[in-house]
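Scroll down for the structure; my scribbles are underneath it.
2 protein chains.
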Amino acid sequence: MFIGEYNYNLDDKNRLAVPTKFRKFFNDGAIITKGLDNCLFIYTKKEWDKLVKRLADLPISQAKSRAFSRLMLAGAMDVNVDKQGRMIMPDYLKKFAGLNKKIILAGLYNRLEVWDEKVWNKYQSVTDKDSGDIAEGLVDLGI
Amino acid sequence: MFIGEYNYNLDDKNRLAVPTKFRKFFNDGAIITKGLDNCLFIYTKKEWDKLVKRLADLPISQAKSRAFSRLMLAGAMDVNVDKQGRMIMPDYLKKFAGLNKKIILAGLYNRLEVWDEKVWNKYQSVTDKDSGDIAEGLVDLGI
DNA sequence: TAAAAAGTGGGGAAAAGTGGGGGATTAATA
DNA sequence: TATTAATCCCCCACTTTTCCCCACTTTTTA
Chain A
201 MFIGEYNYNL DDKNRLAVPT KFRKFFNDGA IITKGLDNCL FIYTKKEWDK
251 LVKRLADLPI SQAKSRAFSR LMLAGAMDVN VDKQGRMIMP DYLKKFAGLN
301 KKIILAGLYN RLEVWDEKVW NKYQSVTDKD SGDIAEGLVD LGI
Chain B
201 MFIGEYNYNL DDKNRLAVPT KFRKFFNDGA IITKGLDNCL FIYTKKEWDK
251 LVKRLADLPI SQAKSRAFSR LMLAGAMDVN VDKQGRMIMP DYLKKFAGLN
301 KKIILAGLYN RLEVWDEKVW NKYQSVTDKD SGDIAEGLVD LGI
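In the order they appear, the protein sequences are chains A and B.
All letters in the first sequence, in the order written, are residues 201 to 343 by this note's numbering.
All letters in the second sequence, in the order written, are residues 201 to 343 by this note's numbering.
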């Protein structure tokens, strides 16, 4: 579904454009939530529903699963896409991900990730070094 | 499917031609991804779908699988081939592979590899010398 | 050596990205 | 409750990018 890396700007009204070819998936809105590694996750309604069901099954007795549910559920916001294909970024999510003007959108198959450009570049420079480990992962998958 | 070594130029508009005899495989588009050893991989839609099925189910809770997905999925780009048989190279992939004007395309059976000419020549000069040693290591893989 | 095919370059129309004004709805205050 | 204030979002307009198409050059082939 979603793949690729895209550059966009967050404007003064906190509007963020969605790549044209992905807009059709968000006709009935989108869910933006706090993600991992300092980014945000954007889900379609359909994918979000799947995720919520899995979160509901986490054992409430475990502190870690309670914390994860709070991150994903309490962090989530239902947003609309305007006629120009943009969604409005809530203030608390903008702060959470440290977003400035220059934004990276990353396609991760069933979700889009929102990164501040600088944070993204830093993450990349670390993981690019580990590409050896990543290559090992390829073998595990039989690729 | 794909074999051989081909010379092409990346033009000022970041367009890269595909060898004529291979174009028929890319009628419905192509996927370019970050590869190993500083090159890029080009897959047909069909081959890509085989790969991506394995990636879709990785657990988002593990930092390593997130890094892996980001390399393979966010690193990939869905591209079209124009009437002249060229695809447009996204900026971030051009940077990743250090591409300049002179490009080498290499056929690796189920994928095409994209190399900057200088990187290719350097890689060749090392591996040509060590080809004996490299072959020795393949015993483990049953070749 | 002529004709055909492939590689390469560039102009221009169309689409996408971006910014901002203004009206309508909602909230706030006297 | 009337008036004011604030927010949201729709729409218009400008800028930038993309991509389609045509044309020229080089290479291949008959």
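Virtual Cβ for every residue (Gly too), placed ideally from N, Cα, C.
Whole-angstrom Cβ separation of residue i and residue j, contact assumed at under 8 angstroms?
i, j, result
"residue 251 of chain A", "residue 293 of chain A", "With 8 angstroms as the limit, residue 251 of chain A and residue 293 of chain A do not qualify as a contact, their Cβ atoms being about 17 angstroms apart."
"residue 242 of chain A", "residue 230 of chain A", "6 angstroms"
"residue 316 of chain B", "residue 297 of chain B", "6 angstroms"
"residue 334 of chain B", "residue 208 of chain B", "Residue 334 of chain B to residue 208 of chain B, Cβ: 27 angstroms. No contact."
Ends of the alpha helix (DSSP H) at residue i?
i, result
"residue 263 of chain B", "263-269"
"residue 307 of chain A", "Per DSSP, residue 307 of chain A belongs to no alpha helix (DSSP H); it is in the beta strand (DSSP E), 302-309."
"residue 319 of chain B", "317-329"
"residue 213 of chain B", "Element bounds for residue 213 of chain B: n/a, residue is neither H nor E."
"residue 240 of chain A", "No alpha helix (DSSP H) holds residue 240 of chain A; the beta strand (DSSP E) holding it covers 240-244."
"residue 294 of chain A", "291-296"
Beta-carbon of residue i versus every beta-carbon of chain A: anything under 8 angstroms?
i, result
"residue 325 of chain B", "no"
"residue 208 of chain B", "no"
"residue 260 of chain B", "yes"
"residue 230 of chain B", "no"
"residue 278 of chain B", "yes"
"residue 312 of chain B", "no"
Quick one: does residue i have its CB under 8 angstroms from some CB of chain B?
i, result
"residue 212 of chain A", "no"
"residue 331 of chain A", "yes"
"residue 178 of chain A", "Shown here, chain A extends from 201 to 343; a query on residue 178 of chain A therefore has no answer."
"residue 204 of chain A", "yes"
"residue 299 of chain A", "no"
"residue 243 of chain A", "no"
"residue 255 of chain A", "no"
If you follow the beta strand (DSSP E) that residue i is part of, which residue opens it and which one closes it?
i, result
"residue 233 of chain A", "230-234"
"residue 287 of chain A", "286-288"
"residue 277 of chain A", "277-279"
Q) Should the stretch 220-235 of chain B be called in touch with the stretch 268-278 of chain B, which here means at least 3 C-beta pairs below 8 angstroms? A) yes
**Q.** the stretch 207-227 of chain B / the stretch 279-287 of chain B touching (three or more Cβ pairs under 8 angstroms)
**A.** yes
Q. On the three-pair Cβ rule with 8 angstroms, is the stretch 297-312 of chain A touching the stretch 258-270 of chain A?
A. no
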